[in-house]
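Scroll down for the structure; my scribbles are underneath it.
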Amino acid sequence: DAKTTQPNSMESNEEEPVHLPCNHSTISGTDYIHWYRQLPSQGPEYVIHGLTSNVNNRMASLAIAEDRKSSTLILHRATLRDAAVYYCIFPSVAGGSEKLVFGKGTKLTVNP
Amino acid sequence: NAGVTQTPKFQVLKTGQSMTLQCAQDMNHNSMYWYRQDPGMGLRLIYYSASEGTTDKGEVPNGYNVSRLNKREFSLRLESAAPSQTSVYFCASRSQDPPYEQYFGPGTRLTVT
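Chains as they are written, first to last, in the numbering used here: chain A, 1 to 112; chain B, 1001 to 1113.
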């Protein structure tokens, strides 16, 4: 499985942009980069995914480096509700199903 | 749609007791998963089921058994609970359509004394 490295924690102010980095130097050419987040006392939820090109959806943007060894999840205007642990993950396919391997993620604190 | 539901929400067991955690999804997904999350840690995969009638071990299967009862339901059983199994347990199912995301239930907080 591709290994990811994320900062343990980050802090932001409300309504400011947040850039959450992820290093994945062992990524293979076919690995998709997925981001999930886990709000306090809840199960994780999908945020966004990408392969090579930058991606945008209603929740966030994903910027992928040209060499694909790193990516950045961008929250354009952080809200208090965005305080969560963010996980950068590479699904692996085995036994006919796709598995997610979670690291410790980045705990994002949003200050009012 | 209710999504992924889990019961119970909380449970306290004594060492050696057994119990079954229930999970159901109403999204017609083929793949379902059981994870555990210890304090301050990421989730670890216990077992998964790629389709009805099949199950496979994940990263930490010891001490657990699973049953894929039908397409909707995937249960996790602790035959003889140990304090090391104190954790929060999450069930998930995976969409068959891009981006193939996993949907998680609200979790079961289990304490074994």
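The beta-carbon is built from N, C-alpha and C at its ideal position, and this holds for glycine as well.
Check                                                                                                                         : Outcome
Nearest candidate by alpha-carbon position, reference residue 105 of chain A, set B:1031, B:1042, B:1024, B:1095              : B:1042
Selection from A:87, A:91, A:111 that minimises the alpha carbon distance to residue 20 of chain A                            : A:87
Outcome for residue 82 of chain A when other beta-carbon atoms lying within 10 angstroms are tallied against a minimum of 16  : buried
Status (buried if at least 16 other CB within 10 Å, exposed otherwise) for residue 26 of chain A                              : exposed
Sequence-distant residues of the same chain with beta carbon closer than 6 Å to residue 51 of chain A, five excluded per side : 32
Boundaries of the beta strand (DSSP E) in which residue 107 of chain A is found, first to last residue                        : 106–111
Identified DSSP bridge partners for residue 1057 of chain B                                                                   : B:1047
From B:1009, B:1076, B:1094, B:1101, residue whose alpha carbon lies closest to that of residue 42 of chain A                 : B:1009
Partners in chain A for residue 1027 of chain B, counting only beta-carbon separations shorter than 7 Å                       : What residue 1027 of chain B touches in chain A: nothing, since even the nearest Cβ is about 13 Å away.
Contacts of residue 1090 of chain B in chain A (Cβ-Cβ under 9 Å)                                                              : 43, 44
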